[in-house]
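So for the sequence shown, the working numbering puts the first residue at 1; every next one is plus one. Where is the CB? At the ideal position from N, CA and C, for every residue including glycine. Note that the structure is predicted; figures quoted are calculated from it, not measured. Step one of this worksheet: look at the structure below.
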Amino acid sequence: MSSTAVTLAASPPAPRRRRPRWLAVFAMLAVLILLAAGVALSGAVHAPPITISVDGQTLWHDPGWVDGSVGSVERAGIAFGLVLALLVAMVVLPLVLFCVLAVVGLVLLAVLGLPLLLVVLVLALLASPLLLLGWLVWRLAS
């Protein structure tokens with residue numbers, strides 16, 4: 001009896017697909033937003049008392065947020081404002097960065113690219129008689 005052994009070459013493991021980094025960044029920002037909303041709703045946000053006085057005379061006094069002075073509706077409003085501000089920051093900051101980088105790129109193009117293009121055009125204009133003479137010699141030689 002003869003037996004035939006079949007060996008299969010092990011295929012290399014498929015490369016792991018990486019998750020996009022922006023997804024992790026947005027997930028972390030979402031957690032921060034939820035934490036900010038939770039802190040605002042829990043009542044852990046307190047404003048210190050503020051007193052404005054000039055030459056010892058009190059012009060304005062704000063007792064701040066005393067425990068119980070901020071109701072649940074105000075806390076929900078603060079939480080909503082925090083969530084909205086953070087969501088706007090998530091959209092506005094990348095747009096601002098993109099605009100700044102675009103402007104810097106255009107400025108670099110204008111400052112470096114256009115003078116270099118002008119130098120190339122001037123050199124081509126100055127070298128054009130030589131190029132025409134070389135073409136003419138080549139045509140006559142062939």
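Listed in chain order, the alpha helix (DSSP H) runs fully inside the stretch 18-99 are 21-42, counting runs of at least 4 residues. Distance from the CA of Ala24 to the CA of Val31, rounded to the nearest whole angstrom, comes to 11 Å.
Taking the Cα positions, Arg19 is about 12 Å away from Ala27. Nearest to Glu74 by C-alpha distance, out of Ala37, Trp138, Ser142, is Ala37. Around the beta carbon of Leu35, fewer than 16 other beta carbons sit within 10 angstroms, so the residue counts as exposed.
One thing to note: Ala40 has its Cβ within 7 Å of the Cβ of Leu82. In the three-state reduction of the DSSP assignment, Ser128 falls in the helix class, which pools H, G and I. Taking a 10 Å sphere around the C-beta of Ile52, we find fewer than 16 other C-beta atoms and assign the residue as exposed.
Shown here for Met90: same chain residues with a beta carbon closer than 6 Å to its own, the five before and five after excluded, namely Leu29 in chain order.
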